[in-house]
Amino acid sequence: MTSRSAQLCIALDGSDRRWILDTARALSGSAGWMKIGLEAFVAHGPRLVQGVADLGVPVFLDLKLHDIPATVRRAAANVAASGARMVTVHACGGRSMLEAAVEGAREGAAQEPPRVIAVTLLTSLDQAALDELALPGSAEATVLRWARLAESSGVDGVVASAREAAAVRAGCGRDFLIVTPGVRPAGHGQDDQRRTATPAEAVRAGADILVVGRPITGAPVPLDAARRILEEMTRAASE
Ligand code: C5P
């Protein structure tokens with residue numbers, strides 16, 4: 033049982049500006065957030081952020097910043113100035129970098145700063161990939177350790193798979209946001225994701241924002257796919 037309702041965030045992954053804006057417009061009534069990632073941002077920059085924000089849906093700018101603190105601070109300030117309402121940084125950048133991201137977001141914002149969200153372990157990494165990186169312990173233990181580091185650095189939440197969301201919810205404060213990608217409706221393939229879960233499983237695990245890309249944007253009728261996912265989320269929340 034979740035105490036606040038989870039929101040759907042649609043990942044607008046593509047390079048074609050017209051497709052991104054048309055898709056965002058068609059789905060704007062269904063989503064709590066629109067996500068612009070590296071592919072689209074590298075091609076179109078802050079003007080695309082503004083174009084999507086003008087549709088009236090808050091923009092999550094998923095840049096996964098990871099650099100020295102001074103660079104991340106200035107980049108986060110520029111993100112804030114772009115009008116994005118949420119931005120990602122990598123938790124493994126460490127405490128000083130996370131604190132710098134939070135400070136930069138505050139410095140660059142004309143009004144309320146964007147939320148800073150720390151990416152823990154990418155949902156595309158399976159156990160073999162994690163073993164290769166020589167991270168000790170389970171994925172859940174690493175995600176929880178990094179989530180606690182992010183929380184104590186002033187970050188607003190984490191990106192974590194649904195498989196680790198319950199541990200993060202138990203280990204971090206109730207207001208700490210959990211953003212969950214790797215969401216796959218039953219019967220949909222995994223694509224390049226590995227630690228996946230259905231929309232219902234993600235909601236039950238305590239996720240606040242479910243990030244869904246290809247299962248919606250690649251569907252024959254994206255609006256229908258978004259509605260089905262929203263219905264599944266609503267059912268799971270009321271169980
Ligand atoms: O198409 P799909 O639903 O897999 O899209 C998931 C989105 O979430 C992608 O834009 C990807 O960059 C992003 N993401 C992720 N795993 C993370 C952080 C972000 O899949 N840990």
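So for the sequence shown, this note's numbering puts the first residue at 33; every next one is plus one. The C-beta atom is built at its ideal place from N, Cα and C for all residues, glycine as well. Remember, predicted model here, so these are calculated numbers, not experimental data.
Rounded to whole angstroms, the gap between the alpha carbons of residue 228 and residue 257 is 18 Å. Note that the C-beta distance between residue 56 and residue 243 is not below 8 Å.
Placement of the Cβ of residue 143 at a distance of 7 Å or more from every heavy atom of the ligand C5P is found. The beta-carbon separation of residue 187 and residue 97, rounded to 12 Å, does not stay under the 8 Å limit for a contact. Between the stretch 199-206 and the stretch 132-150, the count of C-beta pairs closer than 8 Å stays below three; the two stretches do not touch.
Rounded to the nearest angstrom, the gap between the Cα atoms of residue 168 and residue 152 is 14 Å. With respect to the 8 Å criterion, residue 191 and residue 149 are classified as neighbours on the basis of their beta carbons.
In this structure, residue 43 has its CB closer than 7 Å to one or more heavy atoms of the ligand C5P. For residue 43, the enclosing beta strand (DSSP E) has its first and last residue at 39-43. DSSP places residue 147 within a strand segment (E or B) once states are collapsed to three. Residue environment: residue 52 is assigned as buried (16 or more neighbouring CB atoms within 10 Å of its CB, all protein chains considered).
The alpha-carbon separation between residue 90 and residue 173 amounts to approximately 32 Å. Within the same chain, Cβ atoms closer than 6 Å to the Cβ of residue 94 are found at 67, 69 and 120, the five residues on either side in sequence being excluded. Short note on residue 156: C-beta closer than 7 Å to some heavy atom of the ligand C5P. Around the CB of residue 84, 16 or more other CB atoms lie within 10 Å, so the residue is classed as buried. With a threshold of 16 other beta carbon atoms within 10 Å, residue 165 falls short and is exposed. Relative to the ligand C5P, the nearest heavy atom lies less than 7 Å away from the CB of residue 244. For the options 250, 200 and 241, the alpha carbon positioned closest to that of residue 63 is the one of 241. For a cut-off of 8 Å, the C-beta gap from residue 112 to residue 145 is around 6 Å, short enough to register as a contact.
Of the other Cβ atoms in all chains shown, 16 or more fall within 10 Å of the Cβ of residue 214; this residue is therefore buried.
If you ignore the 5 residues before and after residue 71, its C-beta comes within less than 8 Å of the C-beta of 45, 46 and 47, all in its own chain and listed in chain order. Of the heavy atoms belonging to the ligand C5P, at least one sits nearer than 7 Å to the Cβ of residue 247. Of the other Cβ atoms in all chains shown, 16 or more fall within 10 Å of the Cβ of residue 231; this residue is therefore buried. Ranked by how close their Cα comes to the Cα of residue 183, the residues 269, 123, 225 and 106 have 123 in first place.
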